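Quick note, full-length UniProt numbering runs 503 ahead of the 1-based positions in the sequence shown. Have a look at the structure below, then the notes.
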Amino acid sequence: AKSAGRGVAAFYDPEMDREARERRQLETDLRHAISRNQLHLAYQPLVNAVNGVCSGYEALLRWSHPDRGEVLPDSFIPIAEETGSIIALGEWVLREACLTAAQWEPHLSIAVNVSPVQFRLANLAEMVAKVLAETNLAPIRLQLEITETALMKDRMITLGTLYKLKRLGVSIVMDDFGTGYSSLSNLQSFPFDKIKIDRSFISTMEGGGSARAIVRAIVGLGRGLNLPVVAEGVETEAQHKMVIEEGCTEAQGYLFGRPGSMMVIASKTFAEAG
Ligand code: C2E
Ligand code: CA
Ligand code: CA
Ligand code: CA
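Structure below.
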């Protein structure tokens with residue numbers, strides 16, 4: 504056999520082989536997940552931090568795999584991004600979320616996560632416009648959540664897409680704020696409508712470390728820029744009290760509701776816990 508490249512072990516590793524095969528299988532399964540009806544959305548409420556009134560829901564993707572059971576997005580979104588499946592998945596998520604939200608009371612908003620890979624597409628805004636028209640959802644009710652990594656690749660393309668989306672009338676939310684790179688300059692260059700503080704800061708706020716100071720600083724930024732600030736991942740009453748004290752306008756987390764399927768009972772719509 505040919506000698507292996509420099510520094511590469513030439514041993515046959517059955518474990519690595521198995522992992523590679525499993526991963527390829529997951530990729531294939533994912534490509535069929537939409538047509539096989541294995542995907543669904545869970546909805547988690549967003550509430551007014553002070554009075555607890557629900558202002559809308561975030562759609563979170565779930566995959567019911569025939570062998571693996573419920574697979575969470577953190578373990579398959581990265582694969583979908585690498586293989587390009589995320590393009591079809593993302594459009595499916597948006598259509599499904601808009602169709603569902605169109606049946607809610609009109610004051611409720613719907614937040615949809617958009618992958619950085621989708622953001623690099625030239626026609627993202629056209630796709631969103633098409634889905635809004637097809638589902639008859641008022642654009643003002645749609646909030647697209649993007650993370651800072653989406654903005655890093657090609658600033659000009661991203662900026663162009665963001666402005667096209669804004670012209671449609673949809674809102675842009677900066678998700679997981681505080682965890683990416685150059686957060687502050689991004690806030691200056693990109694037309695955001697809302698900031699979501701990453702869960703990691705909320706979950707460590709009670710510890711007496713720097714998290715609370717960071718939350719305070721982010722809320723201060725939001726005030727200065729006239730942007731509402733959402734606290735994500737609020738699980739305890741103590742955290743809730745703190746995010747109110749720090750001035751967060753909205754909150755999301757297990758304390759207010761876990762992601763669940765939508766139930767429509769009479770004229771009321773709410774997410775079922777679980
Ligand atoms: P994210 O956008 O930051 O979503 C919030 C995540 O935090 C969700 O995890 C949610 O279930 C979880 N969460 C909410 N409240 C709490 C809480 O109080 N405590 C704890 N421990 N967790 C809480 P999930 O559903 O597993 O989603 C993980 C990530 O996967 C999302 O993070 C998002 O980045 C991505 N994702 C989910 N759905 C989609 C989608 O449709 N498209 C794309 N591109 N990404 C998605
Ligand atoms: Ca999100
Ligand atoms: Ca987030
Ligand atoms: Ca996150």
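Even glycine gets a Cβ: it sits at the ideal position worked out from N, Cα and C. For clarity, every value in this text was computed on a predicted model and none was experimentally measured.
Which of helix, strand or coil DSSP assigns to residue i
i	result
Gly680	Reading the sequence as shown, one finds Phe at residue 680 and not Gly. Three-state result, Phe680: strand.
Cys601	helix
Tyr757	coil
Asn689	helix
Ala504	Any reading at Ala504 needs caution, since the residue's pLDDT is 43, under 50, leaving its predicted position unreliable; the model's value is listed next. In the structure shown, Ala504 sits in coil (DSSP, three-state: anything other than H, G, I, E or B).
Gln621	helix
Gln541	coil
Leu647	strand
Gly725	helix
Ser588	helix
Ser770	Low confidence applies to Ser770: its pLDDT is 46, below 50, so where it sits in the model is not reliable, and the reading given next is rough at best. Three-state result, Ser770: coil.
Val673	coil
Ala734	strand
Lys656	coil
Gly763	strand
Leu665	helix
Thr638	helix
Val718	helix
Tyr515	coil
Pro581	helix
Nearest candidate by alpha-carbon position, reference residue i, set the options
i	options	result
Arg571	Leu724, Glu525 and Thr739	Glu525
Gly763	Gln541, Ala545, Ala523 and Arg527	Ala545
Ile698	Ser713, Leu671 and Thr752	Thr752
His743	Lys656, Val553 and Arg539	Val553
Glu573	His543, Ile700, Thr586 and Gly555	His543
Tyr684	Gly710, Leu668 and Met655	Met655
Phe704	Glu608, Val746, Cys557 and Arg521	Val746
Asp679	Glu735, Met659 and Val620	Glu735
Asn551	Gly750, Arg761 and Met765	Gly750
Pro576	Glu584, Arg565 and Pro569	Arg565
Ala754	Gly727, Val718, Gly672 and Leu724	Val718
Leu533	Pro569, Leu668 and Ala720	Pro569
Phe695	Leu647, Gly710, Ala716 and Leu671	Leu647
Phe693	Gly681, Ile580, Val676 and Ala741	Val676
Gly711	Ala741, Val733, Cys557 and Thr661	Ala741
Ile589	Leu627, Gly555 and Gln691	Leu627
Heavy atom of ligand 2 within 6 Å of residue i beta-carbon
i	result
Asp678	yes
Glu651	no
Glu599	no
Glu648	yes
Residue i: CB within 6 Å of a non-hydrogen atom of ligand 3
i	result
Lys699	yes
Glu735	yes
Near ligand 1: residue i beta-carbon under 6 Å from a heavy atom
i	result
Asn616	yes
Leu635	no
Gly756	yes
Ile596	In the sequence as presented, Ile is not what sits at residue 596; that position holds Val. Checking the Cβ of Val596 against ligand 1 gives yes.
Glu738	yes
Ile580	yes
Pro619	no
Pro548	no
DSSP bridge partner residues for residue i (one or two, in chain order)
i	result
His568	Gly572
Glu561	Gln547 and Ala614
Ile741	It is Ala, not Ile, that sits at residue 741 in the sequence shown. None; Ala741 has no bridge partner.
Ile700	Phe680 and Ala734
CB contact below 7 Å: residue i versus chain C
i	result
Asp679	Protein chain content of the structure displayed is limited to a single chain, and chain C is not contained in it.
Residue i CB to nearest heavy atom of ligand 5 below 6 Å
i	result
Glu753	No copy of ligand 5 occurs in the structure displayed; its ligands are ligand 1, ligand 2, ligand 3 and ligand 4 alone.
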